[in-house]
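If you read the protein sequences in the order shown, they are chains A and B.
FYI, the numbering for the first sequence is 1 to 336, going by our numbering.
FYI, the numbering for the second sequence is 337 to 672, going by our numbering.
Ideal Cβ positions, reconstructed from N, Cα and C, are used throughout, including at glycine.
This structure is a prediction, so every number in the text was calculated from the model and none was measured.
Data block below; observations after.
2 protein chains.
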Amino acid sequence: MKLTIHDIAKEAGVSATTVSKVINNKGRISEKTKNKIMQIIEEFQYQPNVLASALKGKSTYTIALLIPDAANPIYAQYLKHIEEYGQELGFSVVMCSTGGDPKKEAKHITLLRQKHVDGFIIASIFKNEPVLKQLIEEEFPIVLISLQRPELPVGSVTGDDYLGGYIATEHLLSLGHRKIGIIAEEATISGTERIKGYKKALENAGIKVDENLVITINEPTIEGAEVKAKELLNSGQRPTAIFGCNDILAIGTMLAAKGLGIGIPDELSIIGFDNTVMCKIVEPQLSSVAIPIHEMGKQAMELLAQRIQKKDNMKQRISLLPELVIRQSTAELNEK
Amino acid sequence: MKLTIHDIAKEAGVSATTVSKVINNKGRISEKTKNKIMQIIEEFQYQPNVLASALKGKSTYTIALLIPDAANPIYAQYLKHIEEYGQELGFSVVMCSTGGDPKKEAKHITLLRQKHVDGFIIASIFKNEPVLKQLIEEEFPIVLISLQRPELPVGSVTGDDYLGGYIATEHLLSLGHRKIGIIAEEATISGTERIKGYKKALENAGIKVDENLVITINEPTIEGAEVKAKELLNSGQRPTAIFGCNDILAIGTMLAAKGLGIGIPDELSIIGFDNTVMCKIVEPQLSSVAIPIHEMGKQAMELLAQRIQKKDNMKQRISLLPELVIRQSTAELNEK
DNA sequence: GTGAAAGCGCTAACAC
DNA sequence: GTGTTAGCGCTTTCAC
C-alpha cells in the first residue's frame, strides 16, 4: 500500500497540513516537530504523490523536448545532455519526435500541456508558427535550442553559425586556398549564417565571392550532397577546397571526390560542420567545426528551469562559440 | 482559464458524472445527450485533465524508457521507434539515461513511479537486479528490449543473436573462408550468443573452432577493438576473415587492418553487426547483420501497451530474425 | 506553531 | 439514463 501524507501525519501525531509545510518548507514549524517529521519521512521512505500536488497547481517537474528525429546523431546528443542535466535539477524529460510535421508538433504540444509539463525545449526545427506564438503569448516556459526566431520574444541557445562559417573558411584560406566552394542547407537560418560567415572571411581576405561556388541543397542527405558536389567538381570552376555546412554534406562531398578520383586532401580540401562521430570514421578523417553541444544542452535546460521555477520572466539568447577541429581532410594548397 | 468537466456539464445542462461517462464510454447514456455532450466538447475544445484522472487511479498514458546512452546510435533508434509507435497509441515517453549506473537506474525508477508512469521499457543494459526483481514481483508493467533475463518472468523483445552470429559466419564460409576470427563483447548475453552462432556455423561446415581466433573485449570502443584486432592480425594465426560482433568492433578491425596495410576485402573480409549508419560511410562499406530495430521498438511498445491496458498478465518473449546486408567489406577468399 | 476545512478536476458507487 | 455523494492525495487559507 502506498503511503500518503496522512500516514506520516498520524505516525508523527500531527496533521497532514503540518507535514505538508515541512515538506515544502513553508509556514512556521518548530524545529522539534520539523525534525521529527523529517525523520519519519526518511524512515518510511515516504514519497509525496507528484500528481496530487501538481493538481493543486504545483510543478510536475517534467519537461518536454521536441526534436525532428531522435535517430539523428545531433539531436540524440542534445537529448542526452538535456536529459542528464535535467536529471540533476530534478526534471524528467519526455521526448517527442515531430518529424518536422506541423500537425505532430501541435498534437504533442496540446497533449503535453494537458499532462501539465512545466515547459518545452524545442530543437532545430519548428514549423507550426501559430502554436509557437500562442505558447509565447501565454508566457508558457519555452526555450529554443539550435533554432532562432529573431522576431519572437523567446529564449534560445544556439551555436554561432556566422562565426563557425567564418573560421572554417579562414582555416581553408590559411592553407593557401583561394577558390573555395561551399555547400549549405537551403532555407535554414543556420545555413544562411554559415554562408554569410564564409563570405565575410573571403571578403576579409580580399577575395571576391563567386556565386557559382555557393551551392545550396534542400535535401540534406549524403546522397543528395554527393550529386551536387559532383556537379560542382565537374564544372569548369573546380574549387581547391569545399566547406560542407554540416558533416553529412561534407561526407557526401568526400564521396563525390572519391568517385571522380580526386585525392583528398592533396587535390581537394574538405571541411565539415558539427564535428559528429562520423568525422572520425571516414577516410581521411574529416576536419570540422565543433559546436559545444554538451554545453548547449545544459544551458537550454538551465534556462528553462529558471523560467519554470523563478517565474522570472527573463528571456535570454545565448550564443555559444564554435571551435575548429583539424583532422586529415584539409591540407595546404598543392600548387602544380 | 482552463475548462473543467463541470463547465462542459453546465453548458450541456447535465451533471459532471454524465460527461465523464461519455468521455470514458461507460454506463448507459442516451444517444441524444451523448451526441450533445460530444459536440460541446468538440466546440469548446475541452481536454480532460490527465492529472486528475490519474489521481483517481487511471493511466497517465506515459511510459519511461531506460537506456544507457541516448547518444549511441543504436539506442537512439530504439527511442525513436518506441516513441513513434507510442505516439500512435497515445503514450508519451520519458527518456532516461542510466549510463549503466545501478544507482541512477534505481533513482529513475523510484522517481518515475512517483510520477505514476504506466510502465517501463528497459533497453540493453540494466544492472540493478533487486530493483528489477521487485518491479517484476509487483507485476509492474515492464518490457525488456535487446536485453534478456532468461531466469526472470518478464516480457522481452530481442534480436536473435544466435542466428545472427550464424548467418554472418555462414556468409564468410560461403565466400570460401576457413580461417575466420571473431571479436565479441565480453560478458553480454548477446555477445555470447553471437559467438555460439559463429561456432555452430563453423561446426556445420566441418571446421574445428580455434579458440585463438575468438577474441572478447570488455571495452566496446573503436579504439579498443583496433588494438585487439591488431594483435590478432599480427599473430602467426592471421585469419582471412573477421566477424566483428557489432559495427563498432568491426570498424575498429578495419582501422587495424588499414594500419597494417592489409587490404579489405582482398586480403581480409570483415563483417559487422547491427547495420548502423556507420556501415555506409566507412571505406569500403561494411557488410553487416541487420536486426530489425524498427520492428523491435514497435513490438516492445506494443507489448507494454497491452500489459498496461488489458492488465492481461501475459508475458511474451519475442525474438526477431536478423538479416544479412552485404556490402563491400566481404569478398571471396583470395587464394595466393 | 498548528490544524480544520475546503477544494484542485476527475471518477465510481449507488441511488433514483 | 442520470445525478448525488464521496474521495483520490495534496496544498492553502484562515482560525485558533
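Rounded separation between residue i and residue j - CA only
{"i": "Lys-258(A)", "j": "Leu-249(A)", "result": "14 Å"}
{"i": "Lys-566(B)", "j": "Glu-638(B)", "result": "43 Å"}
{"i": "Asn-360(B)", "j": "Leu-402(B)", "result": "31 Å"}
{"i": "Ala-290(A)", "j": "Met-314(A)", "result": "29 Å"}
{"i": "Tyr-414(B)", "j": "Met-632(B)", "result": "8 Å"}
{"i": "Thr-494(B)", "j": "Lys-392(B)", "result": "35 Å"}
{"i": "Cys-96(A)", "j": "Glu-419(B)", "result": "7 Å"}
{"i": "Ile-5(A)", "j": "Val-19(A)", "result": "7 Å"}
{"i": "Pro-141(A)", "j": "Ala-123(A)", "result": "14 Å"}
{"i": "Glu-283(A)", "j": "Gly-422(B)", "result": "39 Å"}
{"i": "Pro-409(B)", "j": "Val-358(B)", "result": "44 Å"}
{"i": "Ile-180(A)", "j": "Ile-207(A)", "result": "10 Å"}
{"i": "Ile-445(B)", "j": "Asp-69(A)", "result": "26 Å"}
{"i": "Thr-398(B)", "j": "Ser-366(B)", "result": "32 Å"}
{"i": "Ile-598(B)", "j": "Arg-663(B)", "result": "18 Å"}
{"i": "Ile-344(B)", "j": "Cys-279(A)", "result": "57 Å"}
{"i": "Met-254(A)", "j": "Ser-665(B)", "result": "19 Å"}
{"i": "Thr-221(A)", "j": "Ala-256(A)", "result": "13 Å"}
{"i": "Lys-80(A)", "j": "Ser-526(B)", "result": "25 Å"}
Proximity winner among the options, relative to residue i (alpha-carbon distances)
{"i": "Gly-100(A)", "options": "Lys-115(A), Ser-92(A), Asn-128(A), Leu-89(A)", "result": "Asn-128(A)"}
{"i": "Leu-333(A)", "options": "Lys-133(A), Leu-268(A), Arg-317(A)", "result": "Leu-268(A)"}
{"i": "Ser-313(B)", "options": "Lys-115(A), Ile-281(A), Glu-283(A), Gly-244(A)", "result": "Outside the shown range of chain B, which is 337 to 672, sits residue 313(B), and nothing can be said about it."}
{"i": "Glu-379(B)", "options": "Ala-348(B), Thr-576(B), Glu-619(B)", "result": "Ala-348(B)"}
{"i": "Val-325(A)", "options": "Gly-27(A), Ser-30(A), His-171(A), Ser-15(A)", "result": "His-171(A)"}
{"i": "Leu-163(A)", "options": "Pro-130(A), Arg-178(A), Lys-199(A), Lys-179(A)", "result": "Lys-199(A)"}
{"i": "Ser-492(B)", "options": "Lys-416(B), Arg-653(B), Gln-664(B), Lys-346(B)", "result": "Arg-653(B)"}
{"i": "Ile-41(A)", "options": "Lys-10(A), Arg-28(A), Glu-139(A), Thr-253(A)", "result": "Lys-10(A)"}
{"i": "Cys-581(B)", "options": "Ile-644(B), Val-550(B), Gly-572(B), Val-467(B)", "result": "Val-550(B)"}
{"i": "Lys-443(B)", "options": "Lys-372(B), Arg-364(B), Pro-466(B)", "result": "Pro-466(B)"}
{"i": "Ile-293(A)", "options": "Ile-217(A), Asn-275(A), Arg-28(A)", "result": "Asn-275(A)"}
{"i": "Gln-484(B)", "options": "Leu-509(B), Leu-468(B), Val-386(B), Gly-533(B)", "result": "Leu-468(B)"}
{"i": "Gly-90(A)", "options": "Lys-370(B), Leu-448(B), Ala-412(B), Tyr-411(B)", "result": "Leu-448(B)"}
{"i": "Lys-310(A)", "options": "Leu-3(A), Asp-118(A), Ser-92(A), His-81(A)", "result": "Asp-118(A)"}
First through last residue of the alpha helix (DSSP H) which encompasses residue i
{"i": "Cys-279(A)", "result": "278 to 281"}
{"i": "Arg-149(A)", "result": "Where Arg-149(A) is concerned, there is no enclosing alpha helix (DSSP H), given that its DSSP letter is neither H nor E."}
{"i": "Arg-653(B)", "result": "Arg-653(B) -> not in any alpha helix (DSSP H); beta strand (DSSP E) instead, spanning 653 to 656."}
{"i": "Ser-510(B)", "result": "497 to 510"}
{"i": "Leu-260(A)", "result": "Taken as a continuous stretch (DSSP letters only), Leu-260(A) belongs to no alpha helix (DSSP H), as it is neither H nor E."}
{"i": "Ser-526(B)", "result": "525 to 540"}
{"i": "Glu-105(A)", "result": "102 to 114"}
{"i": "Leu-51(A)", "result": "50 to 55"}
{"i": "Ala-352(B)", "result": "352 to 360"}
{"i": "Ala-348(B)", "result": "341 to 348"}
{"i": "Ile-293(A)", "result": "293 to 310"}
Limits of the unbroken beta strand (DSSP E) element including residue i
{"i": "Phe-120(A)", "result": "119 to 123"}
{"i": "Ile-180(A)", "result": "180 to 185"}
{"i": "Met-95(A)", "result": "92 to 97"}
{"i": "Val-209(A)", "result": "It is not in any beta strand (DSSP E) - Val-209(A) carries neither H nor E in the DSSP assignment."}
{"i": "Phe-273(A)", "result": "269 to 273"}
{"i": "Leu-669(B)", "result": "Taken as a continuous stretch (DSSP letters only), Leu-669(B) belongs to no beta strand (DSSP E), as it is neither H nor E."}
{"i": "Thr-398(B)", "result": "398 to 403"}
{"i": "Leu-324(A)", "result": "323 to 325"}
Within chain A, partners of residue i - CB distance below 9 Å
{"i": "Pro-409(B)", "result": "Ala-71, Pro-73, Ala-76, Val-277"}
{"i": "Glu-578(B)", "result": "One point to set straight first is that residue 578(B) is Ile, not Glu, in the sequence displayed. In chain order: nothing, as chain A lies at least about 17 Å away."}
{"i": "Gln-383(B)", "result": "Thr-110, Leu-111, Arg-113, Gln-114"}
Chain-ordered chain A contacts of residue i [CB-CB under 8 Å]
{"i": "Lys-416(B)", "result": "Asp-69, Ala-70, Ala-71, Ser-97"}
{"i": "His-507(B)", "result": "By Cβ distance, chain A contributes nothing, its closest Cβ being about 22 Å from His-507(B), past 8 Å."}
Chain-ordered neighbours of residue i on chain B, where CB pairs are closer than 8 Å
{"i": "Glu-105(A)", "result": "Under the 8 Å cutoff, chain B gives no residues; its nearest Cβ is about 12 Å from Glu-105(A)."}
Listed by chain order, chain B residues near residue i by CB distance under 7 Å
{"i": "Lys-230(A)", "result": "Those do not exist, as Lys-230(A) stays about 17 Å from chain B at its closest Cβ, beyond 7 Å."}
Within chain A, the residues that residue i reaches when beta carbons sit closer than 7 Å
{"i": "His-452(B)", "result": "Leu-51"}
{"i": "Leu-448(B)", "result": "Ser-92"}
Return the residues of the stretch 387 to 404 of chain B that lie within a Cβ-Cβ distance of less than 9 Å from chain A, sorted by chain order. Leu-387, Ala-388, Ala-390, Leu-391, Thr-396, Tyr-397, Thr-398, Ala-400, Leu-401
Could you please tell me which residues of the stretch 82 to 94 of chain A, in chain order, have their CB closer than 7 Å to any CB of chain B? Glu-83, Glu-84, Ser-92, Val-93, Val-94
Give me the subset of the stretch 463 to 493 of chain B whose CB atoms are less than 9 Å from a CB atom of chain A, sorted by chain position. none
Please list the residues of the stretch 246 to 261 of chain A that have a C-beta atom closer than 7 Å to any C-beta atom in chain B, keeping them in chain order. Ile-251
Note down, in chain order, all residues in the stretch 276 to 300 of chain A with a beta-carbon under 7 Å from any beta-carbon belonging to chain B. Met-278, Ile-281, Val-282, Glu-283
With 8 Å as the C-beta to C-beta threshold (strictly closer), list the residues of the stretch 652 to 669 of chain B near chain A in chain order. none
Where the stretch 6 to 19 of chain A meets chain B: residues whose CB sits under 9 Å from a CB there: none
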